[in-house]
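Have a look at the structure below, then the notes.
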Amino acid sequence: MTTSKAANPGPDSDDPPSYQEQRDDPDEVQQPGVFIMDGLFIHHESVNSAPLYQPSRVIHAQGEATHTIDLERLDNRVRTLADGSPSVSMHKKHIYTLQHFPPLYPVDLQCSMVSASNRGLGKVTLKRSPFPHSGYRASRTPPDRPDKYRSAANEIFFVVKEKRGVFEWFDADEAVVATQDDGEGRHMLLVSVPLSRKNLDGLLALWCLWLWHVHISILRQSTGWSDFKRIMSRPTSVNNYTGFAGKGPLM
């Protein structure tokens, strides 16, 4: 935990944090907003705002040798000191471990995320949606310890589908909850509905897992060293997802 009297929410701004106080309440409702991935941080609304989440590695700088990435939530808390001045403390909380392993078979997918505590979603696995459905499905899977997470196994958490080059995120009721936007050279997730803290944390962790999977899929489908250098030279953005469609579908 770090504490300072003068808030310093990010590397490019002296403005106070977007969310000045965050309680660790999984049911607390979070309003819609735009989340932006910028290197090692995820910001809310602007890269000049306080970072709210931090992967342990820059996702788009990873090769196939990396198999796990941790995701932390950065809770900024503001309190007033005796002299009336504000004191800002940042609490880092490990919320998920993302896992991406080489496929066992050509059509297999070894992507999952596991919450660090029972306040999270447990284990969520990303797989292709079964025929005749399109897209990918993130489902809560049976835990290694049956008593650890008592919620229903294989419950659909989110579905991601591509529509005219844009990825949309649907909930279990097939309602759009978020849209991915990569048009300004940065990855952005536009969350369009209120979500509980628990589900927002899970959605952003899943988004990170998805971006990681897309990145690895592009690396696997690159045709040579020039493709590899071109991809790796853009660590914060994978522009135009439809550009590699001709090389085969995402695994």
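The sequence shown finishes on residue 264 if you use my numbering, and the numbering steps up by one all the way, no holes.
Using N, Cα and C, we set each Cβ at its ideal position, and we do this for glycine too.
How far does the alpha helix (DSSP H) with GLY215 in it reach, from first residue to last?
Taking the first residue of the sequence shown as 1, we reach residue 215 at position 202. Segment 210 to 234, the alpha helix (DSSP H) holding GLY215.
Quick check on the burial criterion: 16 or more other C-beta atoms within 10 angstroms. Buried or exposed for ASP96?
Within the sequence shown, the letter at position 83 stands for residue 96. Classification of ASP96: exposed, given that the 10 Å Cβ count is below 16.
Identify which residue in ILE82, LEU94, ILE108, THR79 has its Cα closest to the Cα of LEU65.
Residue 65 sits at position 52 when you count from the first residue of the sequence shown. When each option's Cα is compared against that of LEU65, the closest is ILE108.
Out of ASP194, PRO68, ASP186, VAL101, point me to the one whose CA is closest to GLU175's CA.
What you label residue 175 is simply residue 162 of the sequence shown in a count that begins at 1. The residue with the shortest Cα to Cα distance from GLU175 is ASP194.
Report the rounded CA-to-CA distance for SER209 versus GLY178, giving the unit in angstroms.
As a position in the sequence shown, residue 209 is number 196, starting the count at 1. As a position in the sequence shown, residue 178 is number 165, starting the count at 1. So the alpha carbons of these two residues sit roughly 28 angstroms apart.
Excluding five sequence neighbours on each side, which residues of the same chain lie with their C-beta closer than 8 angstroms to the C-beta of LYS242?
Taking the sequence shown and counting its residues from 1, the one referred to as residue 242 is at position 229. Confidence at LYS242 is low in this model, with a pLDDT of 45, below 50, so the placement of that residue is unreliable and no value is reported for it.
May I ask you to report which of helix, strand or coil DSSP gives HIS273?
Absent from the structure is residue 273, since the part of the chain shown begins at 14 and ends at 264.
With DSSP run on the structure shown, which of helix, strand or coil describes ALA74?
The count along the sequence shown starts at 1 and reaches residue 74 at position 61. It is helical.
Just to confirm, are HIS113 and HIS226 a CB contact at a threshold of 8 angstroms?
As a working note, residue 113 is residue 100 in the sequence shown. As a working note, residue 226 is residue 213 in the sequence shown. It is a contact, given that the beta carbons lie within the stated cut-off.
Could you compute how far the alpha carbon of VAL42 sits from the alpha carbon of LEU213?
Taking the sequence shown and counting its residues from 1, the one referred to as residue 42 is at position 29. Taking the sequence shown and counting its residues from 1, the one referred to as residue 213 is at position 200. Approximately 9 angstroms between the Cα atoms of the pair.
Using beta-carbon positions only, say whether GLU168 and ARG153 come within less than 8 angstroms of one another.
In the sequence shown, residue 168 corresponds to position 155, counting from 1. In the sequence shown, residue 153 corresponds to position 140, counting from 1. Cβ distance < 8 angstroms, so GLU168 and ARG153 count as in contact.
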